[in-house]
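To convert a position in the sequence shown, counted from 1, into my numbering, add 1479.
Each residue gets a CB set at the ideal place from its N, CA and C atoms; glycine is no exception.
Owing to the predicted nature of the structure, the values given are computational and were not obtained by experimental measurement.
Contents: one structure, followed by commentary.
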Amino acid sequence: MPDLCDSYKAYMTSILKNMKADLAEAYPELAAREYDSLSQMLQDTEDSFIFILDGNRPHE
């Protein structure tokens, strides 16, 4: 997530980009195809998902 999000669009773009990267890491077969939509990526996994978005980062 960027340190400074100046718009809702920037915020959502960051979330979607990171979710797509996480899915491609967990499902390497998805990396061979370019996706325009996160929902299509999720469908192609043939798994079910529950998302919890928590803005609290653990302290390192």
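>> Helix, strand or coil for Leu-1483? Go by DSSP, reduced to three states.
In response: Here residue 1483 refers to the residue found at position 4 of the sequence shown. The answer is coil: DSSP assigns Leu-1483 none of H, G, I, E or B.
> Are there 16 or more other CB atoms within 10 angstroms of the CB of Leu-1521, so buried, or fewer, so exposed?
Replying inline: Counting from 1 along the sequence shown, the entry for residue 1521 is found at position 42. So Leu-1521 ends up on the buried side.
> Rounded to a whole number of angstroms, what is the C-alpha to C-alpha distance between Ser-1516 and Ile-1494?
Replying inline: Mapped onto the sequence shown, residue 1516 falls at position 37. Mapped onto the sequence shown, residue 1494 falls at position 15. Those two C-alpha atoms are separated by around 13 angstroms.
>> Can you tell me whether Leu-1523 is helix, strand or coil according to DSSP?
In response: Reading the sequence shown from its first residue, position 44 is the one you call residue 1523. Position check: residue 1523 holds Asp in this sequence, whereas Leu was assumed. It is helical.
>> Let me make sure I understand the geometry here. Which of Glu-1525, Lys-1488 and Asp-1485 has the alpha-carbon closest to that of Glu-1508?
In response: Within the sequence shown, residue 1508 is the residue found at index 29, counting from 1. Comparing Cα-Cα distances from Glu-1508 to each of Glu-1525, Lys-1488 and Asp-1485, the minimum goes to Glu-1525.
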